[in-house]
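Have a look at the structure below, then the notes.
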Amino acid sequence: MASSMDTAGVIGRGLFIKGELHGEEDLIIEGRVEGEITLKKHLLIESTGIILADIQTENITIKGEMRGNMSATDKVEIHAQARVVGDIIAPRVVIEDGAKFKGHIEMEKTGHKEMTRTTHKELPKATGKR
178 MASSMDTAGV IGRGLFIKGE LHGEEDLIIE GRVEGEITLK KHLLIESTGI
228 ILADIQTENI TIKGEMRGNM SATDKVEIHA QARVVGDIIA PRVVIEDGAK
278 FKGHIEMEKT GHKEMTRTTH KELPKATGKR
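Following my numbering, the numbering of the sequence shown begins with 178 at its first residue and continues without gaps.
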């Protein structure tokens, strides 16, 4: 049986979308999205994904870069290689060891509590120096 992510829409690595994005299906983001994302189901931000947006959905899985506030009715999952700046409202939150997170977490029975809108600044460019 195919998982729901097998039939998800994809925003590819070479794509940049700015504005409001609404949908009924699962979505995988490999490229860049700025603005606002509202989905009924699951959002997967791949390791190549860069998001500067506020998000409302059922589940969010982050493997890439995310800057903005998130509200999920089920779960937000931040993987080890992810970098996240923003506030989270969700009944379940998972942050893997090694993930970078700056923000606040509010664990509500259901997400989609009124979020404050964020003003996004450009993400700093990687210099390769440590």
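The C-beta atom is built at its ideal place from N, Cα and C for all residues, glycine as well.
Per DSSP, which residues does residue i bridge with? Please list them.
| i | result |
| --- | --- |
| ARG190 | ARG190 pairs with nothing; no bridge assigned. |
| ASN236 | HIS219 and LYS252 |
I believe residue i touches residue j by the beta-carbon criterion, under 8 angstroms. Please report the beta-carbon distance rounded to the nearest angstrom.
| i | j | result |
| --- | --- | --- |
| GLU207 | VAL187 | 7 angstroms |
| GLU242 | LYS217 | About 24 angstroms; that fails the 8 angstroms criterion. |
| GLY263 | ASN246 | 5 angstroms |
| MET284 | ALA257 | Their Cβ separation, rounded to whole angstroms, is 21 angstroms, which puts MET284 and ALA257 out of contact at 8 angstroms. |
Relative to the C-alpha of residue i, which residue among the options is closest?
| i | options | result |
| --- | --- | --- |
| GLY191 | ARG209, GLY200, THR184 and LEU216 | ARG209 |
| GLY200 | GLY189, ALA185 and GLU211 | ALA185 |
| PHE193 | ILE228, ASP183, GLY245 and THR215 | ILE228 |
| ASP183 | VAL262, ILE205 and LEU198 | ILE205 |
| ASP203 | LYS252, ALA257 and ILE237 | ILE237 |
| SER224 | ILE265, THR215, ARG269 and VAL261 | VAL261 |
Can you tell me whether residue i is buried or exposed? The criterion is at least 16 other CB atoms within 10 Å of its CB, across all chains shown.
| i | result |
| --- | --- |
| HIS219 | buried |
| ALA179 | With a pLDDT of only 44 at ALA179, under 50, the local geometry of the prediction cannot be trusted, and the value read off the model is given with reservation. ALA179 comes out exposed. |
| SER248 | buried |
| ILE282 | exposed |
| ARG307 | Residue placement at ARG307 is flagged as unreliable, the pLDDT there being 48, under the threshold of 50; the coordinate-derived value follows with that caveat. It counts as exposed. |
Taking 8 angstroms as the cut-off, decide whether the C-beta atoms of residue i and residue j are in contact.
| i | j | result |
| --- | --- | --- |
| LYS279 | ALA259 | no |
| ILE232 | GLU254 | no |
Return yes when the C-beta of residue i is under 7 angstroms from any heavy atom of the ligand GDP, and no when it is not.
| i | result |
| --- | --- |
| LYS252 | With respect to the ligand GDP, the structure shown offers nothing to examine, as it has no ligands at all. |
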